[in-house]
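Novice: Dropping a structure here in structure tokens format, bear with me for questions.
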Amino acid sequence: MGAGQAQIGFLPSLQLWQANDMYDAKTVLQTERNGNITYPAQFMTNNPDKYCEDAPVERDGMLFCNGADAMKGPAGLDAIEKVKGAKTAVLGPGSPAGYIYPILALQEAGLDTDTDIQQIPVTANDASVLAVYNGDAEVGFSFWDARTIVQKDTPDVGQKVVVFAMTEEIPNDGVALSADLSPELQQRITDALEEFSNTKEGSEILQSIYSITKLAPANPDSLDVVARAAQALGLQ
Numbered sequence: 106m107g108a109g110q111a112q113i114g115f116l117p118s119l120q121l122w123q124a125n126d127m128y129d130a131k132t133v134l135q136t137e138r139n140g141n142i143t144y145p146a147q148f149m150t151n152n153p154d155k156y157c158e159d160a161p162v163e164r165d166g167m168l169f170c171n172g173a174d175a176m177k178g179p180a181g182l183d184a185i186e187k188v189k190g191a192k193t194a195v196l197g198p199g200s201p202a203g204y205i206y207p208i209l210a211l212q213e214a215g216l217d218t219d220t221d222i223q224q225i226p227v228t229a230n231d232a233s234v235l236a237v238y239n240g241d242a243e244v245g246f247s248f249w250d251a252r253t254i255v256q257k258d259t260p261d262v263g264q265k266v267v268v269f270a271m272t273e274e275i276p277n278d279g280v281a282l283s284a285d286l287s288p289e290l291q292q293r294i295t296d297a298l299e300e301f302s303n304t305k306e307g308s309e310i311l312q313s314i315y316s317i318t319k320l321a322p323a324n325p326d327s328l329d330v331v332a333r334a335a336q337a338l339g340l341q
């Protein structure tokens, strides 16, 4: 978008903020997932005996412990100090749920994330889930609840991969429009996308692509918290 190669971007929250800050892009819509406009990052493991301080409980076929079954962050963060020394599936530094929020939580728990965990690089949230599922990592980070993405191919993922902690809530991803577009065209695009998401067909398509229930008017100020988290890690 900054290079003029794209005029519409479906972007994670940090990249929405960067597009606005660096290139004057306008954040016009944010996603809703089942009525939620925020989500937590989750810590998940294939070794619940180590990380769960209570018995895992099941919600919709998925196991949670340490209060994470509330499906709202923060939860279970007292347990994350046990991640020290573990092989941990980690996304790239631009990912709020796969890197920024869980890494910051670990640092706030007293861990040196460069030396106290064995980082296993992965490229996507579903890859983080599968790294834990397949035993390539003992712990993984992802958005809540990325296990559902791989559930069709790995039906027992909710039993083998247990969520034991959740970070603070993160603003949802959304849509940014290039400053090269006129205000009139920006409004027409915004209206068209929002109206499409409110149709049965549109909702089904967005749900199948990225579990999006609908697109709603954005609150650009809500993205500041992500930028502050990134700045705390020296990423801005």
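Per our numbering, the sequence shown starts with residue 106, numbered consecutively. Here a beta-carbon is modelled for each residue, glycine too, at the ideal position from N, C-alpha and C. Since we're looking at a predicted model, the values are computed, not measured.
What is the rounded straight-line gap between the Cα of Gln224 and the Cα of Thr193?
Specialist: Rounded to the nearest angstrom, the two C-alpha atoms are 5 Å apart.
Novice: Beta-carbon within less than 6 Å of Trp249's beta-carbon, same chain only, minus the 5 sequence neighbours each way: which residues are those?
Specialist: Closer than 6 Å at the Cβ level, and outside the excluded window around Trp249, lie Tyr144, Pro145, Gln147.
Novice: Kindly identify the DSSP beta-bridge partner or partners of Glu274.
Specialist: Its beta-bridge partners are Pro145.
Novice: Name, in chain order, the residues that DSSP records as bridge partners for Ile225.
Specialist: DSSP, once it has assigned bridges, lists Ala194 as partnering Ile225.
Novice: Looking at the unbroken beta strand (DSSP E) that takes in Val266, where does it start and where does it end?
Specialist: Segment: none, Val266 is in no beta strand (DSSP E) and carries neither H nor E.
Novice: Can you give me the start and stop residues for the alpha helix (DSSP H) that Ala236 sits inside?
Specialist: Per DSSP, Ala236 belongs to the alpha helix (DSSP H) from 230-238.
Novice: Any beta carbon from chain D within less than 8 Å of Gly166's own beta carbon?
Specialist: Protein chains in the displayed structure number just one, and chain D is not present.
Novice: How far does the beta strand (DSSP E) with Lys305 in it reach, from first residue to last?
Specialist: Note, Lys305: premise wrong, no beta strand (DSSP E); alpha helix (DSSP H) at 305-315.
Novice: Does the segment 327-336 touch the segment 199-209, meaning 3 or more C-beta pairs lie closer than 8 Å?
Specialist: Result yes; three or more Cβ-Cβ pairs closer than 8 Å.
Novice: In terms of alpha-carbon separation, which member of Gln110, Ala111, Ile113, Leu134 lies closest to Asp326?
Specialist: It is Leu134.
Novice: Please report the distance separating the alpha-carbon of Asn46 from that of Ala202.
Specialist: This structure leaves residue 46 out entirely; the chain is present only between 106 and 341.
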